[in-house]
Every structure is written in structure tokens, then in C-alpha cells.
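*Asks:* Quick one: the structure is below, questions incoming.
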Amino acid sequence: MLFPQNRSLRDPHRLVVRLAEAFQALGGRIERGEVVGFDRSDRITALRLTDGRSLAADEVVLCAGAHTGRMSKMLGEPMPLETERGYHTQIMRPSISMGHSVIWPTRRSQDRSLFHDLRDVR
Numbered sequence: 001m002l003f004p005q006n007r008s009l010r011d012p013h014r015l016v017v018r019l020a021e022a023f024q025a026l027g028g029r030i031e032r033g034e035v036v037g038f039d040r041s042d043r044i045t046a047l048r049l050t051d052g053r054s055l056a057a058d059e060v061v062l063c064a065g066a067h068t069g070r071m072s073k074m075l076g077e078p079m080p081l082e083t084e085r086g087y088h089t090q091i092m093r094p095s096i097s098m099g100h101s102v103i104w105p106t107r108r109s110q111d112r113s114l115f116h117d118l119r120d121v122r
């Protein structure tokens, strides 16, 4: 199946880097650490990290990928998120480039360009 209007990213890492740069340019601060708990009253007021730091927060957005479900349970608001293991084959710098993603329902796979490579995801 070909979806000509379908959109995908050739370089997801570059998008995340650019978003982080824009966030910081607007005055945002990026902190790295592992969250082990939250301080809250009627709302979250801080995040507690494994290194002992406590980061005050007016707002918190859970966007921790596979760890989001575990973190939501810490808040008493469990989200039913499950990770699934998938497999992919990547052809490094092929002689062709795909302009669109192609989905093969009978193979349960998707082919698309990623960076300068071609990826088949199952």
C-alpha cells in the first residue's frame, strides 16, 4: 500500500536536537537524570532524581518513551502503555532512495528512507 500523503522523518534525531535548541533559546532548561519520584500536593511540585536532586516544576510532561507507563504509575495515574519488540533490516547507503513510505500489510512491514539508508521494519 502506498500512501503518498503520508509523512515521516528521515532524521528523527536531528528533529529532537532542533526542538531542544529552540526550547533552550526560549529560556527553557534541560536537565538530565533518572526520576525516582514526585513531590505533590494537589499537583506535582517537584521531581526527585536518583542523584538526590529535587527539581521544582510548575508543569510536568511525561514523555519518557517506554518508561512513561512506569512513571505514570508513580503518580497514581497508570497509563496502559506496552512496549513491543520489533525487528528491522537496514540497508546502508543503497543506490535507491524512497520518496514515500510503503506499507506491506501481508508482510506486516513498512519500508522507508531513514537518514541516508533504507529501513524495513517488521
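Read in order, the letters of the sequence shown are residues 1 to 122 in UniProt numbering. Cβ atoms here follow ideal geometry from the backbone N, Cα and C, with glycine treated the same way.
Pull the bridge partners of SER109 from the DSSP assignment, please.
*Replies:* TRP104
*Asks:* Considering only C-alpha positions, which residue in the set GLY33, VAL61 and GLU34 is nearest to ILE44?
*Replies:* VAL61
*Asks:* In the structure shown, what three-state DSSP assignment does SER54 receive?
*Replies:* Here SER54 sits in strand by DSSP.
*Asks:* I need the DSSP call for GLY37, collapsed to helix, strand or coil.
*Replies:* strand
*Asks:* Roughly how many whole angstroms lie between the Cα atoms of CYS63 and SER72?
*Replies:* 10 Å
*Asks:* Could you tell me which residues DSSP pairs with LEU49 in its beta bridges?
*Replies:* Answer by DSSP bridge pairing, in chain order: VAL35.
*Asks:* Could you round the C-beta distance between SER41 and SER101 to whole angstroms and report it? I think they count as a contact, below 8 Å.
*Replies:* Actually they are not in contact, since the Cβ atoms of SER41 and SER101 sit about 46 Å apart, beyond 8 Å.
*Asks:* Using DSSP bridges, identify the partner residues of LEU114.
*Replies:* Within the DSSP secondary-structure output, LEU114 pairs in a beta bridge with ASP117.
*Asks:* Looking only at its own chain, which residues have a Cβ that is under 8 Å from the Cβ of GLY69, when we skip the five neighbours before and after it?
*Replies:* PRO78, MET79, PRO80, LEU81 and GLU82
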